[in-house]
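First to last, the protein sequences are chains A and L.
Taking the numbering used here, the leading residue of the first sequence gets 1, the next gets one more, and so forth.
Taking the numbering used here, the leading residue of the second sequence gets 1, the next gets one more, and so forth.
Just so you know, even glycine gets a beta-carbon here, dropped at the ideal spot from N, CA and C.
There are 2 protein chains.
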Amino acid sequence: MSTSMRKDAAKVPEPTLRRLPWYLSNIKLMKERGERYVSSTQISKEINVDSSQIAKDLSYVNISGRTRVGYDIDALIRGLEDFLGFTNLHKAFLFGVGSLGGALLRDSGLRHFGLEIVAGFDVNPNLVGRDLNGIPIFHSDEFEAKMLEYKVNIGVLTVPISIAQEITDKMVAGGIKAVWNFTPFRIRVPETIVVQNTSLYAHLAVMFNRLNFNELK
Amino acid sequence: MSTSMRKDAAKVPEPTLRRLPWYLSNIKLMKERGERYVSSTQISKEINVDSSQIAKDLSYVNISGRTRVGYDIDALIRGLEDFLGFTNLHKAFLFGVGSLGGALLRDSGLRHFGLEIVAGFDVNPNLVGRDLNGIPIFHSDEFEAKMLEYKVNIGVLTVPISIAQEITDKMVAGGIKAVWNFTPFRIRVPETIVVQNTSLYAHLAVMFNRLNFNELK
Numbered sequence: 001m002s003t004s005m006r007k008d009a010a011k012v013p014e015p016t017l018r019r020l021p022w023y024l025s026n027i028k029l030m031k032e033r034g035e036r037y038v039s040s041t042q043i044s045k046e047i048n049v050d051s052s053q054i055a056k057d058l059s060y061v062n063i064s065g066r067t068r069v070g071y072d073i074d075a076l077i078r079g080l081e082d083f084l085g086f087t088n089l090h091k092a093f094l095f096g097v098g099s100l101g102g103a104l105l106r107d108s109g110l111r112h113f114g115l116e117i118v119a120g121f122d123v124n125p126n127l128v129g130r131d132l133n134g135i136p137i138f139h140s141d142e143f144e145a146k147m148l149e150y151k152v153n154i155g156v157l158t159v160p161i162s163i164a165q166e167i168t169d170k171m172v173a174g175g176i177k178a179v180w181n182f183t184p185f186r187i188r189v190p191e192t193i194v195v196q197n198t199s200l201y202a203h204l205a206v207m208f209n210r211l212n213f214n215e216l217k
Numbered sequence: 001m002s003t004s005m006r007k008d009a010a011k012v013p014e015p016t017l018r019r020l021p022w023y024l025s026n027i028k029l030m031k032e033r034g035e036r037y038v039s040s041t042q043i044s045k046e047i048n049v050d051s052s053q054i055a056k057d058l059s060y061v062n063i064s065g066r067t068r069v070g071y072d073i074d075a076l077i078r079g080l081e082d083f084l085g086f087t088n089l090h091k092a093f094l095f096g097v098g099s100l101g102g103a104l105l106r107d108s109g110l111r112h113f114g115l116e117i118v119a120g121f122d123v124n125p126n127l128v129g130r131d132l133n134g135i136p137i138f139h140s141d142e143f144e145a146k147m148l149e150y151k152v153n154i155g156v157l158t159v160p161i162s163i164a165q166e167i168t169d170k171m172v173a174g175g176i177k178a179v180w181n182f183t184p185f186r187i188r189v190p191e192t193i194v195v196q197n198t199s200l201y202a203h204l205a206v207m208f209n210r211l212n213f214n215e216l217k
């Protein structure tokens, strides 16, 4: 294992990891506008983040800028995409092909950011055995068998909250290493398991409250 | 306007607003299990948040618990759902009926949390004039006219990053008061406009990095 791989895998602060995709999207736009080099000062002007913060965030990515000239824009885009894991396809299983789960199966855009959902699991007899957007849906009981068949370490959780913990436990027992939790339920997992919570409902709650606050001001 | 409405609209800290839906989902499960009263200590055991933090968070909601007995579970569920804005339907327009936009139009589950997407906008001639999951798709040029027709103040942004700012400006000029931004682009808006960023790609980046880190440990 090379030293550079180890460096890539350093525990990058979460705020940095959340900002890097902003930079990436802005840098892509600058490239479309014809720029060949880009500096942290330029990025800073576009997105209202301090340029020293940007330089610090980019220092985690193995790319060095040239004084006065800045970063080569192609190398920076490639470096960021690699670093963020968007250039590798990470295979995932999705659990719970309901309204949101079905929507995520249909969102092929996730592939461009490195996530390939290769199968869905549900217990609904109207879904099991069918496929959605070319992705097969299996019965939940087949999960262990399918883990042997596919090379998967990510589970997307879109089940009802009443079984969120039970399905999580089953995933972890079956060898899933990271859970992308879309339920508003706070799942418990062993320390070695990665969890990302994406609660659309929590974001809605914040938005509604702020909207209500502004209206009454 | 009543005093209690004003209190509801107090600027609740964002972390509180993000935790309240966790409590709600856990309390609903306790109700399914047959509980009639629930205390912050009980909630705390379920979700690993300090009980004094829970009591403090719940103090923003206009519901009072009884000493030793706790909160009436039905009143607490109703109170939380009201407070979080999940019982009112907030109408929204969606901009950009691509892969993710289309998926969100199909996700009827958002309605249970107070969001009703009433129309989509796009420029793709294969989409304009059709409907998806019963929701009409109009040409982006029709936005201003449709603002007069529908009572909408929320815009869901799922366009390509290259037009994210342009469409945001158009939304704001047309009277949209809150933007739910699903693009990885950091949009700029006037101070009075509410923005919630839900970048699925940023969450993926964090998950991939943590997974990679754990594998190399």
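Asked	Found
Residue-level contact to chain A via CB, residue 107(L), 7 Å cutoff	yes
Cα-Cα separation between residue 99(A) and residue 106(A), rounded to whole angstroms	11 Å
CB contact check: residue 165(A) to chain L, cutoff 7 Å	no
Whole runs of the alpha helix (DSSP H) within the segment 38-116 of chain A, excluding any shorter than 4 residues	40-47, 51-59, 73-84 and 99-106
DSSP state of residue 190(A) mapped onto helix, strand, coil	coil
Where residue 125(L) sits in the DSSP three-state scheme	coil
Closest Cα partner of residue 40(L) within the set 58(L), 164(L), 77(L) and 184(L)	58(L)
8 Å CB neighbourhood of residue 201(A) in its chain, flanking five on each side removed	184
Interface positions of the segment 38-67 of chain L facing chain A (Cβ-Cβ less than 9 Å), listed along the chain	46, 47, 48 and 49
Contact under 7 Å by Cβ, residue 165(L) with residue 193(L)	no
Beta carbon proximity, residue 162(A) to chain L, threshold 7 Å	yes
Contact residues within the segment 101-134 of chain A, judged by C-beta distance below 8 Å to chain L	102, 103, 104, 106, 107, 108, 109, 110, 113, 114 and 115
Pairwise C-alpha distance: residue 82(A) and residue 55(L)	44 Å
Closer than 7 Å to chain L by CB, residue 198(A)	yes
Residue 87(A), buried or exposed, once every other Cβ within 10 Å from all chains shown has been counted against 16	exposed
Three-state secondary structure assigned by DSSP to residue 163(L)	helix
Coarse secondary structure for residue 195(L), derived from DSSP in three states	strand
Residue nearest to residue 20(A) in terms of C-alpha spacing, selected from 136(A), 85(A) and 108(A)	85(A)
Residue nearest to residue 218(A) in terms of C-alpha spacing, selected from 74(A), 45(A) and 129(A)	For residue 218(A) there is no data in the structure shown, the boundaries of chain A being 1 and 217.
Per DSSP, cross-strand counterpart(s) of residue 178(A)	154(A) and 194(A)
Range covered by the beta strand (DSSP E) that runs through residue 138(L)	135-139
Whole-angstrom C-beta distance between residue 154(L) and residue 178(L), which should lie under 8 Å	5 Å
Within 9 Å of chain L by C-beta, residues of the segment 18-30 of chain A in sequence order	18, 19, 20, 21, 22, 24, 25, 26, 28 and 29
Residues in the segment 181-210 of chain L having any Cβ partner in chain A nearer than 9 Å	183, 184, 185, 186, 188, 192, 193, 194, 195, 196, 197, 198, 199, 200, 201, 202, 203, 204, 205, 206, 207, 208, 209 and 210
Local Cβ density within 10 Å of residue 203(L), reported as buried at 16 or more and exposed below that	buried
Cross-strand partners of residue 132(L) (DSSP beta bridge)	135(L)
Interfacial residues, the segment 69-98 of chain L to chain A, with Cβ spacing under 9 Å	83, 84, 85, 86, 88, 90 and 98
Closest by C-alpha distance to residue 143(A), when choosing among 158(A), 171(A) and 159(A)	171(A)
Cβ separation of residue 199(L) and residue 32(A), assumed to be a contact under 8 Å, to the nearest whole Å	In fact, because the Cβ distance is near 20 Å, the residues do not count as touching under 8 Å.
Chain A within 7 Å of residue 14(L), Cβ atoms only	yes
Close beta carbons around residue 47(L), own chain, < 8 Å, minus the five adjacent residues each side	22, 23 and 26
Within chain L, partners of residue 11(A) - CB distance below 9 Å	209, 210 and 213
Where residue 36(A) falls, given that 16 or more other Cβ within 10 Å makes a residue buried	exposed
Helix, strand or coil at residue 4(L) according to DSSP, with G and I counted as helix	Confidence at residue 4(L) is low in this model, with a pLDDT of 39, below 50, so its placement is unreliable and the value that follows should be read with caution. Helix.
Distance between beta carbons of residue 119(A) and residue 71(A), contact taken as under 8 Å	So it is not a contact: roughly 39 Å between Cβ atoms.
Status (buried if at least 16 other CB within 10 Å, exposed otherwise) for residue 102(L)	buried
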